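K.L.:
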Amino acid sequence: MASMKIKKGDTVKVIAGRDKDKEGKVIAVNKKDGTLLVEGIHMVTKHTKPSMANQQGGIVNQEGPIDASNVMYVHKGKATRVGFKMDGDKKVRYAKSTGDIID
Numbered sequence: 037m038a039s040m041k042i043k044k045g046d047t048v049k050v051i052a053g054r055d056k057d058k059e060g061k062v063i064a065v066n067k068k069d070g071t072l073l074v075e076g077i078h079m080v081t082k083h084t085k086p087s088m089a090n091q092q093g094g095i096v097n098q099e100g101p102i103d104a105s106n107v108m109y110v111h112k113g114k115a116t117r118v119g120f121k122m123d124g125d126k127k128v129r130y131a132k133s134t135g136d137i138i139d
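Numbering (our numbering), first residue to last: 37 to 139.
1. Where does Asn90 sit, in a helix, a strand or coil, going by DSSP?
2. For Ala64, is the classification buried or exposed, using 16 other Cβ atoms within 10 angstroms of its Cβ as the cut-off for buried?
3. Classify Val80: buried if its beta carbon has 16 or more other beta carbons within 10 angstroms, exposed otherwise.
4. Apart from the five residues on each side of it in sequence, which residues of its chain come closer than 6 Å, Cβ to Cβ, to Asn105?
5. CA-CA distance, Asp103 and Ile42?
6. Excluding the 5 residues flanking Asp69 on each side, which residues of the same chain have their C-beta closer than 6 Å to its C-beta?
7. Within the continuous beta strand (DSSP E) that includes Ile63, where are the two ends?
8. Only counting the same chain, and skipping five residues up and downstream in sequence, which positions put a Cβ closer than 8 Å to that of Glu59?
9. Check for me: the beta strand (DSSP E) holding His192 runs from which residue to which?
10. Going straight from the alpha carbon of Gly135 to that of Lys114, what length do you get?
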């Protein structure tokens, strides 16, 4: 897969699926699978066994992976596509709607 256009720490908006139109911050990126973990999005129930870390065990709610194609980067409150361009000798991401450099 080519380089991911979304990075850890970005704010994204879900554009497809059961959490459509929700926004959240990216917790983790899995380049190999092309998936993301987003705060409060695609919450799944996991049954855990008691362990040294979690003495009680039980049912835990946590974020599930969401495909990168189902989210859009949020720039100045609006969802926008992300592109790459050269800024001198450095490759940077930019918001296609405004042309502003993201990082």
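For every residue, glycine included, the Cβ atom is placed at its ideal position computed from N, Cα and C. Fair warning: this is a prediction, and the values are worked out from it, not measured in the lab.
P.N.:
To lay it out plainly:
1. The answer is coil: DSSP assigns Asn90 none of H, G, I, E or B.
2. Label assigned to Ala64: exposed.
3. Burial call: exposed.
4. Here residue 105 turns out to be Ser, not Asn, going by the sequence shown. Closer than 6 Å at the Cβ level, and outside the excluded window around Ser105, lies no residue.
5. Roughly 11 Å between the two C-alpha positions.
6. Excluding positions up to five away in sequence, the list is empty.
7. Residues Glu59 to Asn66.
8. Apart from sequence neighbours up to five positions away, the residues of its chain that approach Glu59 with a beta-carbon distance below 8 Å are Thr47, Val48, Lys49, Val50 and Val110, ordered along the chain.
9. Absent from the structure is residue 192, since the part of the chain shown begins at 37 and ends at 139.
10. If I take the Cα positions, the gap works out to 13 Å.
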